[in-house]
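Chains A and B are the protein sequences, given in the same order. Under the numbering used here, read the first sequence as residues 1 to 199, first letter to last. Under the numbering used here, read the second sequence as residues 1 to 100, first letter to last. Glycine included, C-beta positions come from ideal geometry on N, C-alpha and C. Down below is the structure, laid out as structure tokens.
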Amino acid sequence: MAGTTEGVALEGSMAPLHTSWRKLMMWVFIVVDGLMFAGFLASYGFHRLANANWPAQDEIFSLSFIAVMTFVLISSSATMASAVLAARNGSPVVTRFIWLTALGGILFLSMQVVEWSHLIHEGVRLYANPWGDALFGAYFFLITGFHGSHVLSGVILLIIVAVRSMKGRATPEGVELVGLYWHFVDLVWIFIFTFFYLI
Amino acid sequence: MTEHKSFGYGLYWKIWGILLVMTLGMIFFDQAPVPRAALIVFLIVAMLVKATLVAGYFMHLRYESLALSLTVVVGMLITGAILFVLIAPDGMRILELSGR
Numbered sequence: 001m002a003g004t005t006e007g008v009a010l011e012g013s014m015a016p017l018h019t020s021w022r023k024l025m026m027w028v029f030i031v032v033d034g035l036m037f038a039g040f041l042a043s044y045g046f047h048r049l050a051n052a053n054w055p056a057q058d059e060i061f062s063l064s065f066i067a068v069m070t071f072v073l074i075s076s077s078a079t080m081a082s083a084v085l086a087a088r089n090g091s092p093v094v095t096r097f098i099w100l101t102a103l104g105g106i107l108f109l110s111m112q113v114v115e116w117s118h119l120i121h122e123g124v125r126l127y128a129n130p131w132g133d134a135l136f137g138a139y140f141f142l143i144t145g146f147h148g149s150h151v152l153s154g155v156i157l158l159i160i161v162a163v164r165s166m167k168g169r170a171t172p173e174g175v176e177l178v179g180l181y182w183h184f185v186d187l188v189w190i191f192i193f194t195f196f197y198l199i
Numbered sequence: 001m002t003e004h005k006s007f008g009y010g011l012y013w014k015i016w017g018i019l020l021v022m023t024l025g026m027i028f029f030d031q032a033p034v035p036r037a038a039l040i041v042f043l044i045v046a047m048l049v050k051a052t053l054v055a056g057y058f059m060h061l062r063y064e065s066l067a068l069s070l071t072v073v074v075g076m077l078i079t080g081a082i083l084f085v086l087i088a089p090d091g092m093r094i095l096e097l098s099g100r
């Protein structure tokens, strides 16, 4: 009787949410990091409400260009999900899917460099811009820069996992964890795209 | 561990297609002559649906244990609500003052 109780308690204490501690910690990280982005976007919304001369996005951004960036990121999420499934099935295509995802990330970052260069050329700075309230530039570089740094970290992680996969050293769980991170980067972009570029 | 039997490559690419169509729809309505309030409601609803699809299917939250899903979703909602409660009063006051 006592042995059974101990067994149950041990099982419960090792996996209280029926998942591995690695995946649980990744979810904890995602929630915490997501709230940081929520804080940035809430602060952005507050300042935008407070400043009547906030620049009009359609005059600044090329929406078709941002749409292509979004397309690239969504597509890389689909290849990442396919990589996770391939890893779980033990399929050799997993490496190809991870490389494709990394390529999507690199493409997204390259497009972000083009967008930033264009806006810097137009005169957007952290403290000023030609169209309206000075805080616009600060929020633009902070939010898209912070997201871009996440994409860069994701690309580095993907390259590491892809190389490990080529050597046959990547585990399905390792691929799933980097996948969770990559989808989170895509998830955050959905919010940035809506609040910063559309609304 | 929960068994993952109900998803496959086909489902992922179907979700990819839905996300793509929704993104194009959001851009289309953003350019269309739609009342501002209706546009904002539409964009936010579309954004939340897209986020749910990514979290549910790509991140497999739909297939995880209920305990993990609730921990993530309820945790996000509660902290998001706290953020809103802290910021909304000042935001509303600014709207009142600016007459918008």
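Just the C-alpha distance for residue i and residue j, rounded to the nearest angstrom, thanks.
{"i": "A:M26", "j": "B:L97", "result": "43 angstroms"}
{"i": "A:S215", "j": "A:A50", "result": "Limits of chain A in this structure are 1 at one end and 199 at the other, which puts residue 215 of chain A out of reach."}
{"i": "A:W99", "j": "A:I160", "result": "10 angstroms"}
{"i": "A:F136", "j": "A:P92", "result": "47 angstroms"}
{"i": "B:Y57", "j": "A:P130", "result": "42 angstroms"}
{"i": "B:E64", "j": "A:L24", "result": "11 angstroms"}
{"i": "A:S217", "j": "A:L142", "result": "With chain A represented from 1 up to 199, any question about residue 217 of chain A goes unanswered, as that position is not in the structure."}
{"i": "A:F40", "j": "B:I87", "result": "12 angstroms"}
{"i": "A:M80", "j": "A:G148", "result": "18 angstroms"}
{"i": "B:T71", "j": "A:F37", "result": "19 angstroms"}
{"i": "B:L39", "j": "A:F193", "result": "15 angstroms"}
{"i": "A:L119", "j": "A:F71", "result": "21 angstroms"}
{"i": "B:M26", "j": "A:I60", "result": "18 angstroms"}
{"i": "B:L95", "j": "A:F184", "result": "32 angstroms"}
{"i": "A:V94", "j": "A:S82", "result": "8 angstroms"}
{"i": "B:G17", "j": "B:L61", "result": "20 angstroms"}
{"i": "A:A87", "j": "A:F140", "result": "37 angstroms"}
{"i": "A:G168", "j": "A:G90", "result": "11 angstroms"}
{"i": "A:S76", "j": "B:V41", "result": "28 angstroms"}
For chain A, find out if any of its Cβ atoms is closer than 7 angstroms to the Cβ of residue i; answer yes or no.
{"i": "B:V73", "result": "no"}
{"i": "B:T52", "result": "no"}
{"i": "B:G91", "result": "yes"}
{"i": "B:E3", "result": "Any reading at B:E3 must be qualified, since the residue scores a pLDDT of 44, below 50, and its modelled position is unreliable; the value itself is stated next. With 7 angstroms as the cut-off, B:E3 does not count as an interface residue toward chain A."}
{"i": "B:Y63", "result": "no"}
{"i": "B:I82", "result": "no"}
{"i": "B:M22", "result": "no"}
{"i": "B:F42", "result": "no"}
{"i": "B:I18", "result": "no"}
{"i": "B:A38", "result": "no"}
{"i": "B:L70", "result": "no"}
{"i": "B:F28", "result": "no"}
{"i": "B:A67", "result": "yes"}
Provide the residue span of the alpha helix (DSSP H) that contains residue i, from first to last.
{"i": "B:F58", "result": "Neither: B:F58 is in no alpha helix (DSSP H) and is coded neither H nor E."}
{"i": "B:W13", "result": "Y9 to Q31"}
{"i": "A:P130", "result": "That residue, A:P130, is in no alpha helix (DSSP H); it is neither H nor E in DSSP."}
{"i": "A:A231", "result": "With chain A represented from 1 up to 199, any question about residue 231 of chain A goes unanswered, as that position is not in the structure."}
{"i": "A:P172", "result": "P172 to I192"}
{"i": "B:S44", "result": "Checking the displayed sequence, the identity of residue 44 of chain B turns out to be Ile instead of Ser. R36 to L53 is the extent of the alpha helix (DSSP H) around B:I44."}
{"i": "B:T79", "result": "L66 to S98"}
Spell out whether any CB of chain B is found under 7 angstroms from the CB atom of residue i.
{"i": "A:V68", "result": "no"}
{"i": "A:L10", "result": "Annotation note: pLDDT 48 at A:L10 (below 50); position unreliable, coordinate value reported separately. So, not an interface residue."}
{"i": "A:T101", "result": "no"}
{"i": "A:G7", "result": "With a pLDDT of 45 at A:G7, under the threshold of 50, the predicted position of this residue should be treated as unreliable, though the coordinate-derived value follows. By this cut-off, A:G7 is not an interface position."}
{"i": "A:W189", "result": "no"}
{"i": "A:F46", "result": "yes"}
{"i": "A:L152", "result": "no"}
{"i": "A:H18", "result": "yes"}
Notebook entry, point to check: Can you give, in chain order, each stretch of the beta strand (DSSP E) that sits fully within the stretch 88-116 of chain A and has at least 3 residues?
Noted result: none
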